[in-house]
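Novice:
Numbering (my numbering), first residue to last: 27 to 293.
(1) Under a three-way DSSP split, which group does residue 124 fall into?
(2) What span of residues does the beta strand (DSSP E) with residue 46 cover, start to end?
(3) For residue 259 and residue 232, what's the separation of their Cα atoms in angstroms?
(4) Per DSSP, what kind of secondary structure is residue 212 in: helix, strand or coil?
(5) Classify residue 197 as buried or exposed, calling it buried when 16 or more other Cβ atoms lie within 10 Å of its own Cβ.
(6) Determine, using beta-carbon pairs with one atom in the segment 137-151 and one in the segment 162-181, whether at least three such pairs fall under 8 Å.
(7) Where are the alpha helix (DSSP H) runs, 4 residues long or more, that stay fully inside the segment 233-282, in chain order?
(8) For residue 248, which residues of its own chain have a beta-carbon under 6 Å away from its beta-carbon, when the five flanking residues on both sides are left out?
(9) Which residue wins for smallest C-alpha separation from residue 193, given the options 176, 156, 38 and 29?
(10) In chain order, what residues of the same chain lie with their CB nearer than 6 Å to the CB of residue 109, ignoring the 5 residues before and after it?
(11) In three-state terms, what does DSSP make of residue 129?
(12) Could you check which residue in 89, 123 and 94 has the C-alpha nearest to that of residue 73?
(13) Assuming residue 206 and residue 90 form a contact by the criterion Cβ under 8 Å, report the distance between their Cβ atoms to the nearest whole angstrom.
(14) Let me confirm a value: residue 263 is counted as buried when at least 16 other C-beta atoms fall within 10 Å, else exposed. Which label applies?
(15) Can you tell me whether residue 85 is buried or exposed? The criterion is at least 16 other CB atoms within 10 Å of its CB, across all chains shown.
(16) Identify every residue that forms a DSSP beta bridge with residue 230.
(17) Does the pairing of the segment 117-134 with the segment 148-158 give three or more beta-carbon distances under 8 Å?
(18) For residue 224, count neighbouring Cβ atoms within 10 angstroms of its own Cβ and tell me buried if that reaches 16, exposed if not.
(19) Thinking just about the alpha-carbon of each residue, which of 58, 62, 31 and 56 is nearest to the one in residue 48?
(20) Could you check how far apart the C-beta atoms of residue 95 and residue 34 are, in whole angstroms? I think they sit under 8 Å.
(21) One question on the structure: do residue 14 and residue 103 come within less than 8 Å of each other, judged by their Cβ atoms?
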């Protein structure tokens, strides 16, 4: 079993960011999706699975889990958080991101955060910068956090009813982290594949064969825009990929790039 060590680093604005590390091998830093932390979310077993071949660093994004937050939010502070984690992880670390965490990884790389490779599962893009959900999210959060989370899942994320029915009731942690939805509703609007055309990191873009057509369109647009990218459609369900297939795809990509360097892969 891989031993896990944990700690806290302080971001540039004084916000504490909690992290954990396990495994040995090439380092992968994981960025979670909206309102998820190291102990909540849809991919809780993935760090241990990746740690069979890698050093894996996970962290609670600001506003979630054991990390702190600040009165005012800007995505640049999340870039600073990630940069602190990357410095702790050491040179040559790759970044894995899922869903909006994958879009955050793209934005951070474009901003100049030092990332060796991008390993991204279903990053959503919202080209319309005027997407008007922030005010409604704030209103619902002020009244009932459980209602706000249900609204976000159904009206913003578009989780199918049959998928949502399989979710457990919201935990205290889920409700404590609910205000972090405002972060995604701030940085996702205005994201377009073309803005990442200058990225030079080798980038693996992954999606489930059975996910929303919108999300497949996002990875296809990114694969066309990012010069050194590889697109992989994997077995899975709506917004989710079989863990073994996901680990294999990541491992094969990392090994291939270590052996042969960055080579554009055409689909």
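Beta carbons are placed, not taken as given, at the ideal position from N, Cα and C, and that holds for glycine.
Here the structure is a predicted model, which is why all the values come from computation and not from measurement.
Specialist: To lay it out plainly:
(1) As a working mapping, residue 124 is identified with position 98 in the chain shown. Looking at residue 124 - three-state DSSP - the assignment turns out to be strand.
(2) For the purposes of this step, residue 46 is taken as residue 20 along the chain shown, with counting starting at 1. First-last of the beta strand (DSSP E) with residue 46: 42-48.
(3) Residue numbering aside, residue 259 sits at position 233 when the chain shown is read from its first letter. Residue numbering aside, residue 232 sits at position 206 when the chain shown is read from its first letter. About 6 Å.
(4) Taking the chain shown and counting its residues from 1, the one referred to as residue 212 is at position 186. Here residue 212 sits in helix by DSSP.
(5) Locating residue 197 in the chain shown gives position 171, counting from the first residue. By the neighbour-count rule (16 or more Cβ atoms within 10 Å), residue 197 is not buried but exposed.
(6) no
(7) Whole alpha helix (DSSP H) segments, 4+ residues: 239-251.
(8) Looking up residue 248 in the chain shown gives position 222. Answer for residue 248: 219 and 231, listed in chain order.
(9) By one-based count along the chain shown, residue 193 stands at place 167. That would be 176, whose Cα lies nearest to the Cα of residue 193.
(10) Residue numbering aside, residue 109 sits at position 83 when the chain shown is read from its first letter. Excluding five sequence positions before and after residue 109, the CB atoms of its chain that fall closer than 6 Å to its own CB belong to 139, given in chain order.
(11) For the purposes of this step, residue 129 is taken as residue 103 along the chain shown, with counting starting at 1. Note: residue 129 maps to helix in three-state DSSP.
(12) Reading the chain shown from its first residue, position 47 is the one you call residue 73. Checked all of 89, 123 and 94; the closest Cα to residue 73 is 123.
(13) Position 180 of the chain shown, counting from 1, holds the residue named residue 206. Position 64 of the chain shown, counting from 1, holds the residue named residue 90. The pair is a contact, with the Cβ atoms about 5 Å apart (cut-off 8 Å).
(14) As a working note, residue 263 is residue 237 in the chain shown. It is exposed - the Cβ of residue 263 has fewer than 16 other Cβ atoms within 10 Å.
(15) Position 59 of the chain shown holds residue 85. Its Cβ being crowded by 16 or more others within 10 Å, residue 85 is buried.
(16) The residue labelled residue 230 in the question sits at position 204 within the chain shown. In the DSSP output, where bridge partners are listed per residue, residue 230 has 145 and 256.
(17) yes
(18) Indexing the chain shown from 1 puts residue 224 at position 198. Under this definition residue 224 is an exposed residue.
(19) Residue 48 sits at position 22 when you count from the first residue of the chain shown. The candidate whose alpha carbon is nearest that of residue 48 is 31.
(20) Taking the chain shown and counting its residues from 1, one reaches residue 95 at position 69. Taking the chain shown and counting its residues from 1, one reaches residue 34 at position 8. The Cβ separation is near 14 Å, so there is no contact.
(21) Lying before the first or after the last residue shown, residue 14 is absent from the chain, which here runs from 27 to 293.
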